[in-house]
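What follows is a short report on a single structure.
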Amino acid sequence: MSLFPSVERFTYSVKPQTIIIDGLDKLTSFVYIPFFYIYDNSSRYPNFMPFEQLQESLYETLHEFPLLAGSAYIDKGALKVTIDKENINLPSISHITTSLHFKEFTAANYNLSMLPECKSKTPFFQTKIGKWKMADIQVMRFQENSGVAIFISIAHIILDGFGFSTFVNRWAETCCQMNNSIVPVVPKLALSHDRQLLRGCVPESQTITGSLVASKFAQGNLVSKAFACLSINNQGRVLRLINTVCRVSHARFMISHSQLNKIRSSVRDALDETRISNNDVVLALLSMCFAQSVASFDSGVSRSRIRKMRDRLTPSMFETAMTVDARPRLSQLQGKGYCGNAVVVQRMHTSMNMLQQPISIQSLAPVAKRVRRTTDSVDGQYIRGYMDALDTKHDAFARPITGGIRHPYRLLVTNHTRLPHYNADFGGGSPVWVNPIEAAFPNHVVIMNAPPSCNGLVVHIMAAKSVLTRIQHLPFWATAFERIDQ
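Okay, so the sequence shown: first residue is 175 according to my numbering, each after it adds one.
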């Protein structure tokens, strides 16, 4: 018999089920979503966020997220996740105590490198062989119970960013309710993990041939086919090796809402366009900064033959890939609480000549307008074409990774500003800091809200150290953003 009543209740009530990992889920089969949530025991409560309560409430939350107790396996070439009542694959949750005091961690601006115990527990790529956990969680307690860090790593095939944030907040809400009741009574929330729900909400017609969605998947190659033939853990190992070879570094930058609103207002005036968002401005600025930082500007190269060779190798276009949530764009999916993968990637190709102009409001404005148009192009028909393309060829999910504009002239931006990460109160107060795993893969940017007290955005940039240094010293960027991890 289990030591945890919540496990007994879950095992008894859970319904056996199996889902096939295809479409948008297959795009993410080899990665996790890893975040850490930091809590300050400023009031020095002796019973601050007790591990037993965190553990029990986690198991209780599985009633709403049963696939986190599923097992992944290959059946006739197809990846599936199944829930077996006789072989429940519970999430892993562990508890350790560190000699580091929370004040030291705060003084270092929540630098994750100070927590090597946790870094090893939060992989980004799936590299394990055999039965692997859909959720891996570690609770670290700082010296003298001065604070707690919760590291949460969830298989992306189960949840996307929306589902991840929803799960964490439901777990926190359940934990709070356990202060008053052995069996927590949490208000019901409309949630769905039915993959057919998403497919049923997508229109029948798709974007016309020749559009970005078609070209995104049209060209396969030997590399994409070879990558698709690898097992999931070997796919993760290949990507982890690339990450290691590229020596990805991480930097955090913050911009206040007042500063960002000022820039956006100036961009709108320059365009005489009101439909420019803060996201459009940040993505446009990131595109220009990366394009200028990855390109070779070595004015010391004197031999014309070397210069011509360099110019031939430099792409004429820069690719900015942006994740776009399909939920607001599919009216039938809105309000259904769909937690599976419902994010597509749209790509913007911009001339290097445009992006290499000295950054100013005048040069930033047309790039921001391109971002807005690119985002607006994602509608129901685009999503249908996107999903159909993924279903057509077995290597379609790998083609965006292995094809297109070569690295480092490409950038992926993930925006979490609409996700309520800072609502995750487990009973000891809201987190003082939330952060993605650092140095996930090269040229990746995660945009998040800063803690409410800071009233701004935090931009996490993962790239080569030389690229980070160049971005940091670009005048426009240096004026608008402050580096906060040094």
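For each residue, glycine too, the CB sits at the ideal point set by N, CA and C.
Selection from the options that minimises the alpha carbon distance to residue i
| i | options | result |
| --- | --- | --- |
| K307 | Y247, N453 and V456 | Y247 |
| S366 | V342, I332, C350 and V397 | I332 |
| N408 | L286, R449 and S203 | S203 |
| A516 | L585, S525, M522 and M561 | M561 |
| M528 | F571, Q466 and V498 | Q466 |
| L538 | H595, G554 and R442 | R442 |
| E378 | Q191, A402, V518 and Q555 | Q555 |
| I535 | K189, R438, N609 and L242 | R438 |
| S525 | K510, G514, M462 and V552 | M462 |
| Q531 | M288, F464, A281 and A364 | F464 |
| L253 | I212, I406, E493 and R546 | I406 |
| R521 | D550, Q227 and V205 | D550 |
| I328 | S398, T185 and F209 | F209 |
| E493 | R544, S451 and N435 | R544 |
| R411 | A364, V205, Q191 and P626 | V205 |
| L264 | L289, G374 and L236 | L236 |
| G197 | N283, R373 and K305 | R373 |
| D454 | P540, A624, T280 and F222 | P540 |
| N215 | R501, F316, A346 and D569 | F316 |
| Q351 | K567, S604, P489 and E234 | E234 |
| F239 | H269, S273, M223 and F184 | F184 |
Limits of the alpha helix (DSSP H) - the one that residue i falls within
| i | result |
| --- | --- |
| Q351 | G335 to Q351 |
| V641 | K639 to Q646 |
| D562 | G554 to T566 |
| Q317 | Note, Q317: premise wrong, no alpha helix (DSSP H); not H, not E. |
| E182 | P179 to S187 |
| Q162 | Summary: the structure shown does not reach residue 162, with the chain confined to residues 175 through 660, and so no result is reported for it. |
| V456 | N452 to V468 |
| N597 | Counting along the chain, N597 falls outside any alpha helix (DSSP H), and DSSP gives it neither H nor E. |
| N721 | What is shown of the chain runs 175 to 660, which leaves residue 721 out entirely. |
| S398 | L396 to C403 |
| Q370 | R369 to C375 |
Endpoints, beta strand (DSSP E) assigned at residue i
| i | result |
| --- | --- |
| K254 | A252 to I257 |
| E493 | M491 to D499 |
| V545 | Per DSSP, V545 belongs to no beta strand (DSSP E); it is in the alpha helix (DSSP H), I535 to D550. |
| T524 | V517 to S525 |
| P610 | W607 to P610 |
Beta-carbon proximity check, residue i vs residue j, cutoff 8 Å
| i | j | result |
| --- | --- | --- |
| V422 | A598 | no |
| M496 | L457 | yes |
| G322 | I257 | Residue identity differs from the one stated: residue 322 is Val in this sequence, not Gly. Against a cut-off of 8 Å, the Cβ pair of I257 and V322 comes out as no contact. |
| I267 | Q229 | yes |
| I212 | R426 | no |
| V376 | R546 | no |
| S339 | H595 | yes |
| K399 | D553 | no |
Nearest-angstrom Cβ-Cβ length linking residue i and residue j, presumed shorter than 8 Å
| i | j | result |
| --- | --- | --- |
| I207 | G335 | 7 Å |
| L571 | K200 | Note that residue 571 is Phe in the sequence shown here, rather than Leu. Rounded, the Cβ-Cβ distance is 5 Å, consistent with contact. |
| Y275 | S217 | Just to set this straight, residue 275 is His in the shown sequence, not Tyr. The Cβ separation is near 16 Å, so there is no contact. |
| F225 | V313 | 6 Å |
| V468 | Y583 | 6 Å |
| R369 | G514 | 6 Å |
| H581 | N617 | 7 Å |
| S430 | N629 | 6 Å |
| V619 | L460 | 6 Å |
Exercise. Entirely within the stretch 198 to 266 and at least 4 residues each: give me those alpha helix (DSSP H) ranges in chain order.
Key: For the alpha helix (DSSP H) assignment, the uninterrupted runs of no fewer than 4 residues enclosed by the stretch 198 to 266 are, from N- to C-terminal side, 225 to 235.
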